[in-house]
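Peer 1:
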Amino acid sequence: DLGISVGTPVKSMADGVVLDTGNTDLTCRGTSFGNWVTIKYSNGLASTFGHLSVIKVSAGQAVRRGDVVGYSGSSGYATGPHLHVSVYARDAVEIIYRPSTTCPGKTYKLPVSAINGYLDPMLYLPKR
1028 DLGISVGTPV
1038 KSMADGVVLD
1048 TGNTDLTCRG
1058 TSFGNWVTIK
1068 YSNGLASTFG
1078 HLSVIKVSAG
1088 QAVRRGDVVG
1098 YSGSSGYATG
1108 PHLHVSVYAR
1118 DAVEIIYRPS
1128 TTCPGKTYKL
1138 PVSAINGYLD
1148 PMLYLPKR
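First residue of the sequence shown: 1028, per this note's numbering; consecutive thereafter.
(1) For Ser1059, which option in His1109, Gly1034, Tyr1135 and Tyr1115 has the closest C-alpha, if you only look at C-alpha atoms?
(2) Nearest by alpha-carbon distance to Thr1035: which of Phe1076, Gly1043, Thr1106 and Gly1057 is it?
(3) In three-state terms, what does DSSP make of Asn1143?
(4) Would you report the Cα separation of Leu1072 and Val1084, rounded to the nearest angstrom?
(5) What are the complete alpha helix (DSSP H) segments, minimum 4 residues, inside the stretch 1029-1101?
(6) Measure from the alpha carbon of Val1112 to the alpha carbon of each residue in Pro1138, Gln1088 and Cys1130, then state which is nearest.
(7) Going by alpha carbons, who is nearest to Tyr1115 out of Gly1103, Val1033 and Lys1067?
(8) Pro1126 by DSSP, collapsed to three states: which one?
(9) Check whether the Cβ atoms of Leu1046 and Ile1122 lie closer than 8 angstroms to each other.
(10) Would you check if the distance between the CB atom of Gly1061 and the CB atom of Thr1048 is smaller than 8 angstroms?
(11) Going by other Cβ atoms of all chains shown within 10 Å of its Cβ, with 16 needed for buried, is Leu1079 buried or exposed?
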């Protein structure tokens, strides 16, 4: 989680294709990622950006490194404005539908990976 102001542009880390987008608040308000974008990159990695205020891309859309894919926010389960970043081995992430335990009878659409598919995002972000 990276603490940043609401409305900060969130950019694609590399060239790739948007695997999917979603909004968990439509299923159960105040839970999970809120507005999210998952991208599979041509370099063998994938990422999910969560808690966005606005999504600017759609599933299947090609993106280039540096393209704005959304804007930071505090949607979903967030105590304040920030950006949640997950990085995965490209083929380890998939989009699933999972029943909500918080809102019975509702089903989430979420990006998930086996535990060994998650990578440390700090290894792939620019050094400050």
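Note that CB positions come from ideal geometry on N, CA and C, so glycine has one too.
Because the structure is a prediction, the values reported are computed rather than measured.
Peer 2: Reading off the structure:
(1) By 1-based counting over the sequence shown, the position of residue 1059 is 32. Closest in alpha carbon position to Ser1059, among His1109, Gly1034, Tyr1135 and Tyr1115, is Tyr1135.
(2) Your numbering for residue 1035 matches position 8 in the sequence shown. Answer by Cα proximity: Phe1076.
(3) In the sequence shown, the residue the question calls residue 1143 occupies position 116. Collapsing the DSSP output to three states places Asn1143 in a helix.
(4) Locating residue 1072 in the sequence shown gives position 45, counting from the first residue. Locating residue 1084 in the sequence shown gives position 57, counting from the first residue. Their backbone Cα atoms lie some 18 angstroms apart in a straight line.
(5) With a minimum length of 4 residues, no continuous alpha helix (DSSP H) run stays inside the stretch 1029-1101.
(6) Counting from one through the sequence shown, the residue named residue 1112 turns up at place 85. Shortest Cα-Cα distance from Val1112 to any of Pro1138, Gln1088 and Cys1130 involves Pro1138.
(7) Here residue 1115 refers to the residue found at position 88 of the sequence shown. For the residues Gly1103, Val1033 and Lys1067, the minimum Cα distance to Tyr1115 belongs to Lys1067.
(8) The residue given as residue 1126 occupies position 99 in the sequence shown. Reduced to three states, the DSSP call for Pro1126 is strand.
(9) Position 19 of the sequence shown, counting from 1, holds the residue named residue 1046. Position 95 of the sequence shown, counting from 1, holds the residue named residue 1122. Yes, Cβ-Cβ distance for Leu1046 and Ile1122 is below 8 angstroms.
(10) For this step, residue 1061 is matched to residue 34 along the sequence shown. For this step, residue 1048 is matched to residue 21 along the sequence shown. For Gly1061 and Thr1048, no; Cβs fall outside 8 angstroms.
(11) Position 52 of the sequence shown holds residue 1079. Flag for Leu1079 reads buried.
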